[in-house]
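The opening residue of the sequence shown carries number 0 in numbering that gives the first Met the number 0; numbering runs sequentially from there.
Just below is one structure, and these are the notes that go with it.
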Amino acid sequence: MKNETVLIVDFGGQYKELIARRVRECGVHSLIVPCGITADEARRHEPIGLIFTGGPDSVYLDGAPTCTPELLDLGIPVLGICYGMQLMCRLLGGEVSPAEKSEYGAVDAALEASSGLFHGFSGEYKVLMSHTDRVTRMPEGFRVTARSALCPIAGMENEKAGYYGVQFHPETDRTHDGAEIIRNFLYRICGASGDYSMEDYMKKQVAEARSRVGKKRVLLALSGGVDSSVCAALLSEALPGQLTCIYIDHGFMRKNETDEVRAVFEKKDLNFIHIDARSRFLKRLEGVTDPETKRKRIGAEFVRAFEDAAKTCGNPEFLAQGTIYPDIVESGKHSAVIKSHHNVGGLPEEMGFEGIIEPLSGLFKDEVR
0 MKNETVLIVD FGGQYKELIA RRVRECGVHS LIVPCGITAD EARRHEPIGL
50 IFTGGPDSVY LDGAPTCTPE LLDLGIPVLG ICYGMQLMCR LLGGEVSPAE
100 KSEYGAVDAA LEASSGLFHG FSGEYKVLMS HTDRVTRMPE GFRVTARSAL
150 CPIAGMENEK AGYYGVQFHP ETDRTHDGAE IIRNFLYRIC GASGDYSMED
200 YMKKQVAEAR SRVGKKRVLL ALSGGVDSSV CAALLSEALP GQLTCIYIDH
250 GFMRKNETDE VRAVFEKKDL NFIHIDARSR FLKRLEGVTD PETKRKRIGA
300 EFVRAFEDAA KTCGNPEFLA QGTIYPDIVE SGKHSAVIKS HHNVGGLPEE
350 MGFEGIIEPL SGLFKDEVR
């Protein structure tokens with residue numbers, strides 16, 4: 000059974016992952032999608048609501064991130080946060096202008112208790128503001144639901160249409176009871192039932208692994224870290240006797256860490272294999288000083304080392320990796336690349352595997368832990 004899902008539409012805001020985690024903490028599944036998503040693509044996820052993130056740009060400037068107005072016509076509630084509220088306003092015919100004075104940090108804002116978004120709130124609360132623009136004219140059908148000294152439209156809504164906006168950031172701890180605002184949006188406005196949990200996620204991943212792999216074998220890149228270790232534990236439960244765990248010592252671990260990894264995993268029923276590849280990795284990095292070039296060379300050498308390992312294991316049909324959700328989001332074409340990940344993209348094609356198994360790819364790091 001598919002979980003109810005809220006789509007987090009990314010406009011370049013630094014808090015997109017935090018928003019997604021807050022939604023999941025409320026028991027609702029969330030997915031981060033690029034702002035270029037089409038209405039049809041959004042519909043395929045069968046979302047119960049959308050959240051437009053903040054962003055560093057001004058909505059009225061050429062080249063500023065935007066989305067198709069059709070996202071506002073899906074018949075589901077939309078919550079715009081900061082830039083997301085301003086963009087919603089502009090798309091619906093309102094006006095956004097430079098603020099006379101910017102607001103940064105925690106400020107007092109009066110919240111309208113009659114709004115479903117602010118159910119349980121009454122009076123002034125500290126909220127986190129971070130904006131240089133503000134809504135100066137709301138679209139038709141909207142009313143003001145929050146105000147601050149410098150921002151007379153710090154919140155707005157069109158309840159009938161299902162449009163809600165806040166100029167502040169409820170996803171951060173610096174907004175008083177911000178998580179409750181998000182919960183109100185999910186349960187009171189979107190009608191969520193709260194069907195998302197770690198137990199449910201893991202059961203689905205076990206079932207999916209068994210369905211995809213059948214009786215075939217799986218090769219896992221085991222680093223000894225949290226992600227690959229949890230991946231190994233899950234797959235060993237799902238596919239007993241079919242999993243081989245390869246630990247490649249590339250020479251960049253902490254002192255004695257390889258010995259510690261071996262001490263832990265050689266005792267487990269994981270078909271653990273240790274490969275000493277330190278010399279080949281160090282040779283590939285000889286004379287290289289640029290960090291990104293180093294990462295890419297390590298990634299390329301990792302593929303070659305794994306090809307060799309796969310041959311010694313009789314070429315298992317599937318490759319398993321401890322890829323987590325932020326790896327995928329960070330490596331996406333719509334996000335700024337902070338650093339490359341050697342465990343994202345292309346490996347099955349390059350290495351001849353039938354497919355890739357990434358049971359943790361829908362989870363954030365804190366969920367994996």
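We put the beta carbon where it would ideally sit given N, CA and C, even for glycine.
As the structure is a prediction and not an experimental result, all values here were calculated from the model.
| field | Nearest residue (CA-CA) to Thr171, options Ala145, Lys159 and Ser129 | value | Here residue 171 refers to the residue found at position 172 when the sequence shown is read from its first residue. Ranked by how close their Cα comes to the Cα of Thr171, the residues Ala145, Lys159 and Ser129 have Ser129 in first place.
| query | Applying the criterion that 16 or more other CB atoms from any shown protein chain within 10 Å of the CB defines a buried residue, is Arg23 buried or exposed? | reply | The residue labelled residue 23 in the question sits at position 24 within the sequence shown. Arg23 comes out buried.
| request: Could you check the C-alpha separation between Gly164 and Val77 for me, to the nearest Å? | output: Position 165 of the sequence shown, counting from 1, holds the residue named residue 164. Position 78 of the sequence shown, counting from 1, holds the residue named residue 77. If I take the Cα positions, the gap works out to 8 Å.
| What are the residues that DSSP puts in a beta bridge with Phe271? | Position 272 of the sequence shown, counting from 1, holds the residue named residue 271. Paired residues: Cys244.
| task | Express the C-alpha separation of Glu357 and Met84 in angstroms, rounding to a whole number. | result | Here the question's residue 84 lines up with position 85 in the sequence shown. Here the question's residue 357 lines up with position 358 in the sequence shown. Using only the alpha carbons, I get a separation of about 35 Å.
| said: In chain order, what are the residue ranges of uninterrupted alpha helix (DSSP H) at least 4 long that sit wholly in the region 126-207? | reply: DSSP runs (the alpha helix (DSSP H)) wholly in the region 126-207: 177-182.
| query | Rounded to a whole number of angstroms, what is the C-alpha to C-alpha distance between Thr311 and Ile272? | reply | As a working note, residue 311 is residue 312 in the sequence shown. As a working note, residue 272 is residue 273 in the sequence shown. Rounded to whole angstroms, Thr311 to Ile272 spans 10 Å at the Cα level.
| Within 10 angstroms of its Cβ, does Tyr246 collect 16 or more other Cβ (buried), or is it exposed? | Against the sequence shown, residue 246 aligns to sequence position 247. Only buried fits Tyr246, as 16 or more other CB atoms lie within 10 angstroms of its CB.
| With a CB to CB cut of under 7 Å and the five nearest residues on each side skipped, what residues in its chain are close to Arg146? | Against the sequence shown, residue 146 aligns to sequence position 147. Taken in chain order, the residues that qualify are Ala108, Ala109 and Ala153.
| Between the C-alpha atoms of Gly62 and Asn2, what's the straight-line distance to the nearest angstrom? | The count along the sequence shown starts at 1 and reaches residue 62 at position 63. The count along the sequence shown starts at 1 and reaches residue 2 at position 3. For Gly62 and Asn2, the distance between alpha carbons rounds to 35 Å.
| field | Buried versus exposed, by CB contacts within 10 Å (16 or more), Lys202 | value | Counted from its first residue, the sequence shown places residue 202 at position 203. Exposed, since its Cβ has fewer than 16 Cβ neighbours within 10 Å.
| task | Using alpha carbons as the reference points, say which of Tyr124, Met87 and Leu73 lies closest to Ala41. | result | Here residue 41 corresponds to residue number 42 of the sequence shown, with the count starting at 1. Closest by alpha carbon: Leu73.
| Own chain residues within Cβ distance below 7 Å of Val27, not counting five before or after | Sequence index remark: in the sequence shown, residue 27 carries index 28 (1-based). Cβ neighbours of Val27 beyond the five flanking positions: Glu3, Val5, Leu185, Ala191, Gly193 and Tyr195.
| task | Classify Ile7 as helix, strand or coil using the three-state DSSP reduction. | result | Position 8 of the sequence shown holds residue 7. Of the three classes helix, strand and coil, the one that applies to Ile7 here is strand, per DSSP.
| said: Judging by CA-CA distance, which residue of Val212, Thr144, Val126 and Met137 is the nearest neighbour of Glu111? | reply: In the sequence shown, the residue the question calls residue 111 occupies position 112. A check of alpha carbon separations from Glu111 across Val212, Thr144, Val126 and Met137 identifies Thr144 as the nearest.
| query | Does the beta-carbon distance from Pro33 to Asp56 come in below 9 Å? | reply | One-based indexing of the sequence shown puts residue 33 at position 34. One-based indexing of the sequence shown puts residue 56 at position 57. No Cβ-Cβ contact shorter than 9 Å links Pro33 with Asp56.
| query | Can you list, in chain order, the residues of its chain whose CB lies under 6 Å from that of Ile31, leaving out five sequence neighbours each side? | reply | For the purposes of this step, residue 31 is taken as the residue at position 32 of the sequence shown. Taking C-beta separations shorter than 6 Å and ignoring five residues to either side along the sequence, the partners of Ile31 in its chain run Ile7, Asp9, Lys15, Ala19 and Val328, following chain order.
| message | Considering only their Cβ atoms, is the gap separating Leu284 from Ile323 smaller than 9 Å? | response | The sequence position of residue 323 within the sequence shown is 324, counting from 1. The sequence position of residue 284 within the sequence shown is 285, counting from 1. No, Cβ-Cβ distance for Ile323 and Leu284 is not below 9 Å.
| query | Going straight from the alpha carbon of Pro374 to that of Gly35, what length do you get? | reply | Look at the range of the chain in this structure, 0 to 368, and you will see that residue 374 is not part of it.
| For Arg209, which residues from the same chain have a beta carbon less than 8 Å from its beta carbon, with the 5 sequence-adjacent residues on both sides left out? | Translated into positions along the sequence shown, residue 209 becomes position 210. Excluding the 5 residues flanking it on each side, Arg209 has same chain C-beta neighbours closer than 8 Å at Ala237 and Leu238, in chain order.
| query | Going straight from the alpha carbon of Val205 to that of Met155, what length do you get? | reply | The sequence position of residue 205 within the sequence shown is 206, counting from 1. The sequence position of residue 155 within the sequence shown is 156, counting from 1. Distance between Val205 and Met155, taken at the CA atoms: about 43 Å.
| With burial defined as no fewer than 16 other Cβ atoms inside 10 Å of the residue's Cβ, what is the status of Glu265: buried or exposed? | The count along the sequence shown starts at 1 and reaches residue 265 at position 266. Exposed is the call here.
| task | Would you mind working out which of Phe251, Leu318 and Arg368 sits nearest Phe352, comparing C-alpha positions? | result | In the sequence shown, counting from the first residue as 1, residue 352 sits at position 353. Cα-wise, what sits closest to Phe352 is Leu318.
| Where Val106 and His44 are concerned, what is the direct C-alpha to C-alpha distance, given to the nearest angstrom? | One-based indexing of the sequence shown puts residue 106 at position 107. One-based indexing of the sequence shown puts residue 44 at position 45. Val106 and His44: Cα-Cα distance of roughly 36 Å.
| Own chain, CB closer than 6 Å to Ala304, minus 5 neighbours either side, in chain order | Start at 1 with the first residue of the sequence shown, and residue 304 comes out as number 305. Excluding sequence neighbours, Ala304 sits near Ile247 and Ala276.
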